[in-house]
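Accompanying notes for the structure given below.
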Amino acid sequence: MTAAQTPEGNTPDLKKPDLQAPAPQAKKTPPARRALGLTVGLLVALGAGGIVWWYAYNGSQHVSTDNARVAANTANIVPEIPGRVLQWNVAVGTTVTAGQVIGQIDTSTVAQSSAANAGALSQTAPLTASRSLIRAPISGQVIQSSALVGQLVATGQSLAVIADDSSAYISANVKEDQISKVKLGQPVHVTLDALPGQTLSGRVQQIGQATASTFSLLPSGGADNGNFTKVAQVIPVSIYLSTADRSKLLPGSSASVTIDLTDPPSTPTSVKTATAAPEPLKVQLNVVGTLTSGNDVTIAAQVAGNVTKVGAQVGDNVTKGEVLARIDDSNLQAQLAGAQAALSQVQNGGNSAQANLQLAASTLDRVSAVYKLGGVSRQDLQNAQTQYTNAQVAAQNAGGGAVEAAQANVQNLKLMIGKAVVVSPIDGVVSARNVEVGEVAAPGVPLMTIVQNDPRKIVATIPAAQANLIKAGQPMQIKFDAFPNRSYSAKITSINPASVATGDFYPIEARLDAANAELRAGMVATGTINADVSAGSPTVPSSAIARIGAQNYVYVVKDGKAVRTPIQTGLSGTAGGQAEVAVNGGLPSGAQIVTSNVNALWDGAPVKGN
Numbered sequence: 001m002t003a004a005q006t007p008e009g010n011t012p013d014l015k016k017p018d019l020q021a022p023a024p025q026a027k028k029t030p031p032a033r034r035a036l037g038l039t040v041g042l043l044v045a046l047g048a049g050g051i052v053w054w055y056a057y058n059g060s061q062h063v064s065t066d067n068a069r070v071a072a073n074t075a076n077i078v079p080e081i082p083g084r085v086l087q088w089n090v091a092v093g094t095t096v097t098a099g100q101v102i103g104q105i106d107t108s109t110v111a112q113s114s115a116a117n118a119g120a121l122s123q124t125a126p127l128t129a130s131r132s133l134i135r136a137p138i139s140g141q142v143i144q145s146s147a148l149v150g151q152l153v154a155t156g157q158s159l160a161v162i163a164d165d166s167s168a169y170i171s172a173n174v175k176e177d178q179i180s181k182v183k184l185g186q187p188v189h190v191t192l193d194a195l196p197g198q199t200l201s202g203r204v205q206q207i208g209q210a211t212a213s214t215f216s217l218l219p220s221g222g223a224d225n226g227n228f229t230k231v232a233q234v235i236p237v238s239i240y241l242s243t244a245d246r247s248k249l250l251p252g253s254s255a256s257v258t259i260d261l262t263d264p265p266s267t268p269t270s271v272k273t274a275t276a277a278p279e280p281l282k283v284q285l286n287v288v289g290t291l292t293s294g295n296d297v298t299i300a301a302q303v304a305g306n307v308t309k310v311g312a313q314v315g316d317n318v319t320k321g322e323v324l325a326r327i328d329d330s331n332l333q334a335q336l337a338g339a340q341a342a343l344s345q346v347q348n349g350g351n352s353a354q355a356n357l358q359l360a361a362s363t364l365d366r367v368s369a370v371y372k373l374g375g376v377s378r379q380d381l382q383n384a385q386t387q388y389t390n391a392q393v394a395a396q397n398a399g400g401g402a403v404e405a406a407q408a409n410v411q412n413l414k415l416m417i418g419k420a421v422v423v424s425p426i427d428g429v430v431s432a433r434n435v436e437v438g439e440v441a442a443p444g445v446p447l448m449t450i451v452q453n454d455p456r457k458i459v460a461t462i463p464a465a466q467a468n469l470i471k472a473g474q475p476m477q478i479k480f481d482a483f484p485n486r487s488y489s490a491k492i493t494s495i496n497p498a499s500v501a502t503g504d505f506y507p508i509e510a511r512l513d514a515a516n517a518e519l520r521a522g523m524v525a526t527g528t529i530n531a532d533v534s535a536g537s538p539t540v541p542s543s544a545i546a547r548i549g550a551q552n553y554v555y556v557v558k559d560g561k562a563v564r565t566p567i568q569t570g571l572s573g574t575a576g577g578q579a580e581v582a583v584n585g586g587l588p589s590g591a592q593i594v595t596s597n598v599n600a601l602w603d604g605a606p607v608k609g610n
C-alpha cells in the first residue's frame with residue numbers, strides 16, 4: 001500500500017481548487033491603537049528634539065568642564081641647616097599658624113663644621129640656633145609630612161608641605177574655543193567629588209593669558225620642527241568661592257564646574273572704602289637665639305704632667321676656688337728643691353764677696369794712710385786700689401743679678417706647683433669635662449668648661465631689614481621652647497654693627513631682668529620686640545588685601561568700578577587699633593581702595609562706597 005492509497009486499496013478522490021472563490025480579508029487596526037502609536041512617535045520625536053535643543057541652549061548659556069581641581073598656595077618645608085631631626089611636631093592633617101615651631105634640627109655637628117675658630121663660632125651660634133628651628137612659613141594645613149625624629153636630613157630636603165586652605169580656589173581648564181565666552185565676574189557652580197550632593201557657588205576671578213601646555217614640563221613643540229599637529233588646548237581659569245564655601249575645599253580634590261555665560265551683575269556691590277596713606281605702624285619683630293651665661297670659662301691645663309685627681313663631673317655645681325683637678329707636681333717639686341739650693345749657694349757667695357769687699361776697703365784705707373807718711377811705695381797703693389775695685393765688682397755680681405735670677409727661678413717653680421692644682425675661677429656648673437685620671441695634661445689643653453649659675457644673656461640675630469627698627473635699652477619679651485606658657489622680660493643691651501651670614505643678619509644681645517633658676521644655658525629663646533615704625537609708603541587695612549594665587553592685590557575704586565591692582569607688601573602691624581599692612585610698591589598714596597567684601601569682587605566689578 002502506497003502513501004496515496006486508502007486502507008481498502010483505492011486511490012482517494014482529490015479536489016481541484018476553486019479559482020472563482022473570493023480571497024480572505026485582512027483584519028483592520030482599531031482606531032485607538034493607531035492613535036497611541038502616533039502619539040508615541042510624536043513624543044519620541046519631541047523628546048529627541050528637546051534634548052538637542054537643551055544641549056544647544058545649554059551650550060550657548062553655560063561652559064562646563066570636569067578638567068578642574070582645588071588649588072591653594074602651598075609652602076614646601078625644608079631645613080636651613082643639615083643635621084638630625086630632634087623634634088617633629090606635626091602630621092598630615094595638622095593645622096598650623098605662620099611662625100609656629102613644627103620641628104628642630106640638632107646643631108651640635110653644625111657648630112663644629114661651620115666655624116673655623118672660636119670667634120667665628122660665637123658669632124654664628126645665634127644664627128645657627130635660629131635656623132635650627134623649623135617654623136611654618138604660612139598658616140594652613142599639613143598635607144604632606146615625611147620627617148621622622150632621628151632622621152638625618154640635608155639642607156633643602158623636603159620635610160613637609162603646608163597648604164593655605166584660606167586661599168583655596170578652583171583651577172579649571174576651559175577649551176580654547178569656549179574661552180571667548182568666559183568673562184570675569186560670571187557666576188560659577190562647582191561640584192566636588194569629595195562632597196557628593198553639594199553644589200558650591202563662586203565667580204570667575206582670573207582668566208589665564210596662555211594655554212596650560214605653555215607652562216607644562218613637556219610643552220608641545222611640534223610647530224618648531226615643522227611637524228605641527230593640531231591639539232585642542234585649554235586655558236586656565238581661576239574661580240573663587242564664597243568665604244563660607246571656601247572652607248570646604250580640600251587642596252587637590254577633583255571638581256566639575258559650570259560657568260554661567262550671562263553677563264556679570266551690573267548692580268554695584270556695596271563696599272567700604274579708605275584712602276591709602278602713610279600711617280605710623282606698631283609692629284612686632286620676632287628674633288630667635290640662645291640663652292647663654294654671663295661668663296662661660298674654659299679651664300685649660302697650665303702645667304704638664306699626669307692627672308692624679310678629677311674632682312667634678314658634668315652637671316656638678318662648683319664654687320669659686322673649688323679644686324677641680326690635680327696634676328702630678330713631683331717633677332716640679334724636685335726642680336724647686338734644686339732652685340732653692342742654687343739660691344742658697346748664690347746667696348752664700350754673695351756674703352763672701354761682701355766680706356772680701358770690706359777687707360779690701362780696710363786695706364786700702366790703711367795703705368793710703370801709710371803712703372801719706374812715706375811708709376809704702378806708690379806701687380803698693382795702686383795694688384791696694386786694684387784689689388778694692390775687683391772686690392767691688394765681685395760683690396756687685398754676687399749680690400745683684402745672680403741672686404735675683406735664682407730668686408725668680410724659685411718663685412716661678414712655686415707658681416707652677418700652685419697651678420698643678422686646678423680650681424674653679426667662678427661659681428657655676430660644669431658643662432664639659434675633657435680629662436680623666438691618668439691622662440697626661442699639657443699646657444693649653446682644655447680640661448673643663450664652667451658656665452655661670454645665673455644665665456641671663458640672650459644672643460640672637462635680626463634680619464638686616466629690621467636692624468634699624470630697634471635700639472639698645474628697648475624692652476623684649478622672651479619665651480623658651482622648654483616653657484612655652486611662660487614669658488620673661490628682658491632688655492636689648494647691644495646691637496652688633498658687623499653682620500654675619502653675608503650681611504643678612506645682625507647679632508644682638510639682651511639681658512633678662514631677673515634670675516630664673518629653671519632656665520639653663522643653651523635653651524632656645526624666641527624674643528618679641530614691639531617697635532614704632534614711621535612708614536614712608538602707604539598703609540592699607542589688612543581687610544583690603546585679596547590674594548589670587550601667590551600675588552597680593554587691592555581693589556582701587558575708579559569711575560565706580562573696582563580695579564584689581566597688584567601690590568608688594570611690607571611690614572604688618574596696627575594703626576589706630578586696626579590691622580594694617582605697609583605697601584612697598586604698586587599703590588600710590590591717595591588712592592581710594594576697597595576695604596570690605598574684597599573676596600566677592602572681580603576686576604571691573606561695579607561698586608558703591610559707603
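Heads up: the sequence shown runs through residues 1 to 610, numbered per the UniProt record's numbering. For every residue, glycine included, the Cβ atom is placed at its ideal position computed from N, Cα and C.
If you draw a 10 Å sphere on the C-beta of residue 310, you find 16 or more other C-beta atoms in it, and that means buried. In the three-state reduction of the DSSP assignment, residue 359 falls in the helix class, which pools H, G and I.
By the criterion of a C-beta distance shorter than 6 Å, residue 431 is surrounded in its chain by 449 and 451, once the five residues flanking it on both sides are discounted. Using a Cβ-Cβ distance cut-off of 8 Å, the region 244-258 and the region 69-86 are in contact, since at least three pairs of beta carbons, one from each stretch, lie closer than that value. Excluding five sequence positions before and after residue 563, the CB atoms of its chain that fall closer than 6 Å to its own CB belong to 556, given in chain order.
Around the beta carbon of residue 98, fewer than 16 other beta carbons sit within 10 angstroms, so the residue counts as exposed.
For residue 441, the pairing in a beta bridge is given by DSSP as 305. Residue 367 is positioned such that its CB atom lies no closer than 8 Å to that of residue 391.
Counting only residues of its own chain and dropping the five nearest sequence neighbours on each side, residue 241 has a CB closer than 6 Å to the CB of 200 and 202. Taking 8 Å as the cut-off, the beta carbon of residue 583 is found closer than this to the beta carbon of residue 570.
Under a 10 Å Cβ-count criterion, residue 521 is classified as buried, with 16 or more other Cβ atoms of the shown protein chains found around its own Cβ.
Note that the C-beta distance between residue 301 and residue 437 is not below 8 Å. In the structure shown, residue 410 falls within a helical segment according to DSSP collapsed to helix, strand and coil.
Between the alpha carbons of residue 463 and residue 298 lies a distance of about 31 Å. Taking C-beta atoms under 8 Å as the contact rule, residue 79 and residue 157 qualify, at a distance of about 7 Å.
Judged by their CB atoms, residue 273 and residue 586 are not nearer to each other than the 8 Å cut-off.
The beta strand (DSSP E) runs of length 3 or more contained entirely in the region 498-582 are, from start to end of the chain, 505-512, 524-534, 539-541, 546-548, 551-558 and 561-575.
Nearest to residue 504 by alpha-carbon distance, out of 38, 482, 468 and 494, is 468. Counting along the chain, the unbroken beta strand (DSSP E) around residue 165 starts and ends at 160-175. For residue 259, same chain residues with a beta-carbon under 7 Å away, outside a window of 5 residues either side, are 62, 63, 182, 186, 188 and 204 in chain order. Look at residue 420 here: in three-state DSSP terms it is coil, with no helix or strand label.
A direct Cα-Cα distance of roughly 5 Å separates residue 235 from residue 173. The DSSP-derived three-state label of residue 426 is coil.
Between residue 410 and residue 334, the gap from beta carbon to beta carbon reaches 8 Å or more. Residue 325 and residue 443 do not touch by the CB rule: their CB atoms are close to 14 Å apart, not below 8 Å.
Non-local beta-carbon contacts of residue 489 in its own chain, meaning distances under 6 Å to residues more than five positions away in sequence, involve 513 in chain order.
A distance of 8 Å or more separates the beta carbons of residue 161 and residue 91. Comparing C-alpha distances from residue 460 to each of 447, 404, 290 and 375 shows the shortest one belongs to 290.
Beta bridge pairing from DSSP links residue 495 with 508. Residue 315 sits in coil when the DSSP states are folded into three classes, being neither helix nor strand. A Cβ-Cβ separation of about 35 Å leaves residue 255 out of contact with residue 153 under the 8 Å criterion.
Comparing C-alpha distances from residue 103 to each of 537, 136 and 93 shows the shortest one belongs to 136.
Remark: C-beta atoms of residue 607 and residue 594 approach each other more closely than 8 Å. Nearest neighbour of residue 106 by Cα position, chosen from 100, 88 and 96, turns out to be 88.
Shown here, residue 299 sits in a strand according to DSSP, grouped into three states. DSSP, reduced to helix, strand and coil, places residue 263 outside both helices and strands of the structure shown, so it counts as coil.
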